[in-house]
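Student: Structure in structure tokens, see below.
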Amino acid sequence: MFETEPPVAETAPEIPSAPEEPGLVMRRIRKPDGRYLLLYTFLREPGE
Amino acid sequence: MSELRWDERLREWVIVAPHRQDRTYHPVSCPLCPDTEGDTELPTADFEIAVFENRFAPMRTDVPLPPVLAAADSHDGTHALLARAGDARVATESYGRCEVVVYTPEHEGSLGELPLDRVEALLRVWAHRYESLSCIDGVRYVFIFENRGAEIGVTLSHPHGQIYAYPFVPAPAARETAIEADHLARTGHCLHCDIIEAERANASRILIDDGLVAAYVPYAARWSYEVHIAVRNHRASLSEMDARERRSLASALKSVLQAYDRLFGRPMPYLLSVRQRATAGDTHDGAHLRIELLPALRTPDKLKFRAGSETFMGVFINDVQPEDAAANLLKVL
């Protein structure tokens, strides 16, 4: 149902993304219907 | 396909979106739970917070930015433009972007029950989406919100919220912006900074005051247990907070939401709204970051409805004295 390396539909909307701040990791996935999925994880300092 | 229709009586936009009649309604299998197959939105559980485009979006950007919206060059540019058009009926494709924010891979729980680190992370994701959606051509207002509880129409119980990026400033926000600008011009102060300090000085409705963030039942609360949580320093948006303020805001939000659930011994249905500057590129000085919470219960078994006076006239009738509401919430905070 999902692919991480898409064929992106021509009508797929742009994935809007501001610069990522330190410690915030965002992975982009394009769904077959052109919609995007963004997966966020966070790098935390020990004890943070 | 959705349509934006201009209501010439009120000078407000209405979104007409018949395709949403088919949207997911209390499904047997939760589409927000991660799975590798089936009708899920999330093919992996390898995330802390996930964001995706709403499948039943009332607004989309795969249509051209309508000229009538593109022509607006200020907060109320569109409104003024259409007001000058007299009584002409205007409809256009429903341009905009709608995202769903999934707070956790876990199905059970709620925003208030998430660990503090996760609530803090959510504030960072909200800030990132606010900045990102602000970059879309034609977007004039980014609205972050959550609806919680079947009582107010939520059909998916998995902890999640939404973000709408409108191609106009919605009328209530435009009105508030005008009031903020007027207060700033008359006094030289931010309206919300003044409100926060007045609440702190009075203290009868204060729930939390840690020096960085204040949570309070507002003086003219419209809902029985309405609470506003505001950053004390003048911050126009989520992006302007420093790490200490973000931690404090996350802590206050979690505390108030947990108090809601303890208040009547049952999950409190509520509406959550992040109020801030319209977009990251906007320059309005009067905006002030805060989270507004509108809980729907007024007693353990009675809902407050938005009925005739509230809906038609905008005049809310609150059944609970705001000072009593604050006292009741303090007992369970």
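Protein sequence lines, in the order shown, are assigned to chains A and B. Counting from 17, one number per residue, gives the positions in the first sequence under this note's numbering. Counting from 325, one number per residue, gives the positions in the second sequence under this note's numbering. Glycine included, every Cβ here is placed at the ideal spot set by N, Cα and C.
So is residue 615(B) buried or exposed if we call it buried at 16+ other beta carbons inside 10 Å?
Tutor: Residue 615(B) is buried by the Cβ-count criterion.
Student: Is the shortest distance between the beta-carbon of residue 456(B) and the beta-carbons of chain A less than 7 Å?
Tutor: It does; some Cβ of chain A falls within 7 Å.
Student: Would you give the residue range spanned by the alpha helix (DSSP H) that residue 391(B) belongs to?
Tutor: Per DSSP, residue 391(B) belongs to the alpha helix (DSSP H) from 391 to 394.
Student: Can you list, in chain order, the residues of its chain with a C-beta nearer than 7 Å to that of residue 622(B)? Leave out the 5 residues immediately preceding and following it.
Tutor: Here the set comprises 548, 628, 643 and 644.
Student: Identify which residue in 349(B), 491(B) and 546(B) has its Cα closest to the Cα of residue 631(B).
Tutor: Minimum Cα distance to residue 631(B) is reached at 546(B).
Student: Rounded to a whole number of angstroms, what is the C-alpha to C-alpha distance between residue 576(B) and residue 495(B)?
Tutor: Using only the alpha carbons, I get a separation of about 29 Å.
Student: Beta carbons nearer than 7 Å to chain B: which residues of the segment 40 to 51 of chain A have them?
Tutor: Listed by position along the chain: 40 and 51.
Student: Using a Cβ-Cβ cut-off of 7 Å (strictly less than) and excluding sequence neighbours within five positions of residue 479(B), which residues of its own chain qualify?
Tutor: Result list for residue 479(B): 348, 349 and 350, in chain order.
Student: Considering residue 471(B), what are the terminal residues of the beta strand (DSSP E) in which it resides?
Tutor: Run containing residue 471(B): 465 to 472, per the beta strand (DSSP E) assignment.
Student: Let's test the definition: count the other Cβ atoms within 10 Å of the Cβ of residue 420(B) and tell me whether it reaches 16, buried, or not, exposed.
Tutor: Under this definition residue 420(B) is a buried residue.
Student: From 353(B), 355(B), 374(B) and 354(B), pick the residue whose C-alpha is nearest to that of residue 52(A); which is it?
Tutor: The shortest C-alpha separation from residue 52(A) is found at 374(B).
Student: Below 8 Å on the Cβ atoms is my guess for residue 619(B) versus residue 543(B); work out the distance and round it to an integer in Å.
Tutor: With a Cβ gap of about 17 Å, residue 619(B) and residue 543(B) do not count as contacting.
Student: Relative to chain A, which residues along the segment 436 to 460 of chain B have a C-beta separation below 7 Å, given in chain order?
Tutor: Here the close residues are 445, 448, 449, 452, 455, 456, 457, 459 and 460.
Student: Under 7 Å Cβ to Cβ from residue 371(B), same chain only, skipping five residues before and after it: list those, please.
Tutor: Same-chain partners within the cutoff: 429.
Student: Let me know the secondary structure DSSP gives residue 568(B) once reduced to three states.
Tutor: In the structure shown, residue 568(B) sits in a helix (DSSP, three-state: H, G or I).
Student: Taking the alpha-carbon positions, what's the residue 331(B) to residue 413(B) distance?
Tutor: C-alpha separation (whole angstroms): 8 Å.
Student: Residue 537(B) to residue 584(B), Cα distance in whole Å?
Tutor: Approximately 18 Å, taken between the alpha carbons.
Student: Any idea if residue 475(B) is buried or exposed, counting beta-carbon neighbours within 10 angstroms, 16 or more meaning buried?
Tutor: Classification of residue 475(B): exposed, given that the 10 Å Cβ count is below 16.
Student: Please tell me whether residue 55(A) has its Cβ less than 7 Å away from any Cβ of chain B.
Tutor: Taking Cβ atoms only, chain B reaches closer than 7 Å to residue 55(A), which makes this a yes.
Student: With DSSP as the reference, identify every bridge partner of residue 42(A), one or two as the case may be.
Tutor: In the DSSP output, where bridge partners are listed per residue, residue 42(A) has 56(A).
Student: Examine chain A for any beta-carbon lying closer than 7 Å to the beta-carbon of residue 377(B), and answer yes or no.
Tutor: Judged by the 7 Å Cβ criterion, residue 377(B) is in contact with chain A.
Student: Assuming residue 523(B) and residue 530(B) make a contact with CB atoms under 8 Å, what is their CB distance in whole Å?
Tutor: The pair is a contact, with the Cβ atoms about 6 Å apart (cut-off 8 Å).
Student: When burial is assigned at 16 or more other CB atoms within 10 Å of the CB, is residue 449(B) buried or exposed?
Tutor: With 16 or more other Cβ atoms within 10 Å, it is buried.
Student: Compute every distance between the C-beta of residue 41(A) and the non-hydrogen atoms of the ligand SAH, then say whether any falls below 6 Å.
Tutor: Among the ligands in the structure shown, none appear at all, so the ligand SAH cannot be discussed.
Student: Have a look at residue 50(A) and residue 385(B) and give me their C-alpha separation to the nearest angstrom.
Tutor: About 12 Å.
Student: I'd like to know if residue 417(B) contacts chain A, where contact means its C-beta is closer than 7 Å to some C-beta of that chain.
Tutor: Residue 417(B) does not count as touching chain A.
Student: Flag this pair as touching only if the segment 498 to 507 of chain B and the segment 433 to 441 of chain B have three or more C-beta atom pairs under 8 Å; answer yes or no.
Tutor: No: the two stretches stay apart, fewer than three of their Cβ pairs being nearer than 8 Å.
Student: Just how far apart, CA to CA, sit residue 362(B) and residue 569(B)?
Tutor: Cα to Cα, residue 362(B) sits roughly 41 Å from residue 569(B).
Student: Shortest alpha-carbon distance to residue 383(B) belongs to which of 465(B), 376(B), 417(B) and 357(B)?
Tutor: Minimum Cα distance to residue 383(B) is reached at 417(B).
Student: Within the 7 Å Cβ cut-off, does residue 32(A) reach chain D?
Tutor: Going by chain labels, chain D is absent from the structure shown, which instead holds the protein chains A and B.
Student: Within the same chain, show all residues whose beta-carbon is closer than 7 Å to that of residue 460(B), passing over the 5 residues directly before and after it, in chain order.
Tutor: Closer than 7 Å at the Cβ level, and outside the excluded window around residue 460(B), lie 385, 421 and 489.
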